[in-house]
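So for the first sequence, this note's numbering puts the first residue at 4; every next one is plus one. What follows is a single structure, written as structure tokens, with notes after it.
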Amino acid sequence: MNNNPSKVTPRILSGFMELLPADQMLFNGMLGVIQKSYERFGFIPLDTPVIELAEVLLAKAGGETEKQIYRFTKGDSDLALRFDLTVPLARYVAQHYPDLAFPFRRYHIGKVFRGERPQRGRFREFYQCDIDIIGDGALSLLNDAEIPSVIYATFTALGFSRFTIKINNRKILNGFFESLGLASQAADILRSVDRLEKAGQEAVQQELAGLGAPPNAAREVLAFIGLTGDTAAILSQLKQMQISNGTFHTGVDELEKVISYVSALGVPGQNYAIDLTIARGLDYYTGTVYETVLNDYPGIGSVCSGGRYDDLAGYYTNKQLPGVGISIGLTRLFYQLREAGIITPKSATPAIVLVIPQTSDLRVPLQAATELREGGIPTAVYFDDAKLKKKVTYASRLGIPFIIVIGDDEVAGGYVSLKDMSTGQTSNVSTKEAISLIRAKESANNGSSTDPVSA
RNA sequence: GUGCCUGUAGUUCAAUGGUAGAACGCAGCUCUGUGGCAGCUGUCACGUGGGUCCGAUUCCCAUCAGGCACCCCA
């Protein structure tokens, strides 16, 4: 690959994503939409170090985490890269507890690292966009209901309309398993149930048998999670079930409340549903759980998931800090949308206009550029010596929608030559007129393309 | 971490036991103040190491890299 032995081959590690300018613009657009949406709900921004003491990050330890974490030493320090944003949040809240106002609503958009085998859409470094609401001692169930409304607003802002927020409650599943005498295998069963769609009914049935579930219990499990209908129908079926288990009924109660409030918060009925099969692999969820899928692209899987947990920071503090939150895996989401052609890059630069000086005295072109920028128009200037054709091609390649050529004629005449790259029309106008012309055209375009996913 | 598949220009792909072509891209020209089209010219490759062979990009082994499935997850 590299003929020149004196040069190092430029390359990056597999599993790390790096984008070309047009894609980076698209990615940043999505990230900005998500951030704006989170802030609209009053979530507070948070940024924490990418590197933490291994002791802190691994306080909880746990098979997969331990295996996947990037860990290294620097001098005497045992360090690690964060593998999610929840553990740093727990540390942060425990550490700054006295200075925070609860419920603490924070969002955090940042990179996390996992040393997994990379695969399509699975990266070793990726962005998560998290929101969490942390209570001090207790946290109203209403927060569980607000989360889907944030998801709804965010995915709508991203340009999607056909998506479903699937909602379930762990207590229902746990209580149900307890009533079948399968409580000790609950975690494994949940995991198996979570794979229902992927692995198929038969495989799950066999797995359940392998876990020691008697055939009738396995059948009951499958029948249970197979309950169908709209939210009202599922809820009434759940309530009619003859199960004497407190946890189960608490779960049904919670789910019913959450569902009713989700509706009250204005999430349309077609955008959420009860799905008793979603369980989430993570073991720290204790109540409501969420998973969001794009109806037209089920293959992409969950694009946003999370849930309720009772004890966020038990490894760092004695305070009982319950919370609820979700995470959008932005890197994966972006990658898969891009792969599927659902989103396509538009421009490779934020510049709206390229000023092209065609004169040796740059003062007038530079003044014009400054005026454009003061007029709120992102402006780049082509400083280097080249033929006009090359400069125009440059604007074309980058997708810059306007160019302004300023040569000796323009300087002498006190005007600029404005060209609309999409129509090819040029006109001689004053800089002020150019600004309003560009603004008019841009706002007309933006009407339909504020979201990066207008497809 | 386990299993399977694949490594040829910047990219996507060909061909061949006698050292390789195309398309797109990129640079330039046709075209000295205007991009997209067209024509021409140029640019760039057999992942690495070993083995078999007169000779290996081709066959074999190892290694590295990439992809896929499992596991797990965003």
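Cβ coordinates follow ideal geometry from the N, Cα and C atoms, glycine included. Every value quoted in this text rests on a predicted model; they were computed, and no experiment measured them.
Check: 3 or more residues per run - each beta strand (DSSP E) lying fully within the region 273-329; Outcome: 275-277, 291-297, 307-312
Check: Residues near residue 335 in its chain [Cβ-Cβ closer than 6 Å; skip 5 each side]; Outcome: 124
Check: CB contact flag (residue 327, residue 147, <7 Å); Outcome: yes
Check: Neighbourhood of residue 309 by C-beta, 6 Å cutoff - its chain only, sequence neighbours within 5 removed; Outcome: 293, 328, 329, 330
Check: Sheet register partners of residue 222 (DSSP bridge); Outcome: Partner(s): none; residue 222 has no beta bridge.
Check: Other residues of its chain near residue 316: CB distance less than 8 Å, five sequence neighbours each side excluded; Outcome: 93, 94, 96, 97, 322, 324
Check: Identified DSSP bridge partners for residue 55; Outcome: 83
Check: Contact set for residue 409: own chain, Cβ-Cβ below 8 Å, skip 5 residues either direction; Outcome: 358, 359, 360, 361, 362, 367, 368, 371, 419, 420
Check: Opening and closing residue of the alpha helix (DSSP H) in which residue 256 lies; Outcome: 249-267
Check: Buried or exposed (CB count within 10 angstroms, at least 16 for buried), residue 249; Outcome: exposed
Check: Residue from 235, 19, 230, 251 with nearest C-alpha to residue 119; Outcome: 19
Check: Buried or exposed by the 16-neighbour rule on C-beta atoms within 10 Å, applied to residue 6; Outcome: At residue 6, the pLDDT of 43 sits below 50, so the modelled position is not reliable and the matter cannot be decided from this model.
Check: Counted within 10 angstroms of its Cβ, other Cβ atoms place residue 219 as buried (16 or more) or exposed; Outcome: exposed
Check: Straight-line Cα distance separating residue 344 from residue 30; Outcome: 14 Å
Check: Pairwise C-alpha distance: residue 99 and residue 260; Outcome: 32 Å
Check: Range covered by the beta strand (DSSP E) that runs through residue 429; Outcome: 429-432
Check: Residues that residue 48 bridges to, as DSSP identifies them; Outcome: 110
Check: Pair within 7 Å by beta-carbon distance, residue 401 and residue 347; Outcome: no
Check: Ranges of the alpha helix (DSSP H) found wholly within the region 109-180, counting only runs of at least 4; Outcome: 145-160
Check: Nearest neighbour of residue 114, chosen from 86, 107, 122, 422 [CA to CA]; Outcome: 86
Check: Residues that residue 189 bridges to, as DSSP identifies them; Outcome: Paired residues: none, contrary to the question.
Check: Coarse secondary structure for residue 357, derived from DSSP in three states; Outcome: strand
Check: Burial state of residue 381 (16 or more Cβ within 10 Å); Outcome: exposed
Check: C-alpha gap between residue 2 and residue 281, whole angstroms; Outcome: Residue numbering for the chain in the displayed model covers 4 to 458; residue 2 lies beyond these limits and cannot be assessed.
Check: Residues that DSSP places opposite residue 43 in a beta bridge; Outcome: In the DSSP output, where bridge partners are listed per residue, residue 43 has none listed.
Check: Integer Cβ distance of residue 242 from residue 255, believed to fall under 8 Å; Outcome: 6 Å
Check: Distance, residue 297 Cα to residue 168 Cα; Outcome: 9 Å
Check: Cβ neighbour criterion (16 or more within 10 Å) applied to residue 412; Outcome: exposed
Check: Beta-carbon proximity of residue 111 to residue 133, cut-off 7 Å; Outcome: yes
Check: Option in 339, 270, 195 with minimal Cα separation from residue 302; Outcome: 339
Check: Between the CA atoms of residue 314 and residue 142 - distance to the nearest angstrom; Outcome: 11 Å
Check: Residues near residue 137 in its chain [Cβ-Cβ closer than 7 Å; skip 5 each side]; Outcome: 96, 105, 106, 107, 315, 324, 326
Check: Beta-carbon proximity of residue 405 to residue 438, cut-off 7 Å; Outcome: no
Check: 7 Å Cβ cutoff met for residue 212 and residue 226; Outcome: no
Check: Limits of the unbroken beta strand (DSSP E) element including residue 366; Outcome: Taken as a continuous stretch (DSSP letters only), residue 366 belongs to no beta strand (DSSP E), being part of the alpha helix (DSSP H) at 366-377.
Check: Residues sharing a beta bridge with residue 421, DSSP; Outcome: 407, 430
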